[in-house]
Amino acid sequence: MESTIRFEGDVAVISLTGRLDSGAAPLFDLWFAGQDKPECRSYLLEMSALTYITSAGLRSILKICKLLEARGGRLAACAMTGPVRDLFKIAGFNQFVALYEGLDEGLAALSA
């Protein structure tokens with residue numbers, strides 16, 4: 001799996017590529033810990049190239065949610081493929097991670 005981060009105004013956009021599974025999740029957690037900026041309160045996961053996610057990947061995302069909740073921030077996700085979106089909804093993640101169809105929609109919502 002590959003992860004990149006860029007900043008669009010006050011929103012950190014994390015693009016995920018490949019598979020976020022039990023092998024990749026711990027590496028993603030370490031990567032995120034090195035990239036996170038305590039002053040950043042809005043993260044948007046851009047997932048158009050994420051082909052697969054497991055419970056380990058969901059756990060990594062949950063960690064980010066809890067971190068942002070503690071600092072009064074928000075996490076959203078956008079551009080998900082069908083299977084990834086389905087798993088998010090089945091697991092109930094759409095109850096605390098806002099889901100948007102595209103990058104522009106997600107950025108507009110987090111920038112408001």
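Under full-length UniProt numbering, the first residue of the sequence shown is numbered 1, with each subsequent residue one higher.
Just so you know, even glycine gets a beta-carbon here, dropped at the ideal spot from N, CA and C.
Being a predicted model, the structure only gives us computed values, none of them experimental.
For Leu-58, the closest C-alpha among the options Glu-101, Ala-112, Ala-77 is that of Ala-77. Counting every other CB atom within 10 Å of its CB across the protein chains shown gives Gly-82 a total below 16, marking it as exposed. Between the alpha carbons of Arg-74 and Leu-44 lies a distance of about 9 Å. Residue burial is scored here from C-beta neighbours: Ala-79 has at least 16 other C-beta atoms within 10 angstroms and is therefore classed as buried. The beta carbons of Glu-46 and Val-13 sit closer together than 8 Å.
Sorting Ile-5, Asp-10, Met-1 by C-alpha distance to the C-alpha of Ala-109 places Asp-10 at the top. Note on geometry: alpha-carbon atoms of Asp-21 and Ser-48 lie some 16 Å from one another.
Approximately 13 Å separates the beta-carbon atoms of Glu-2 and Gly-23; this is outside 8 Å, ruling out the contact. The alpha-carbon separation between Pro-38 and Ser-15 amounts to approximately 19 Å.
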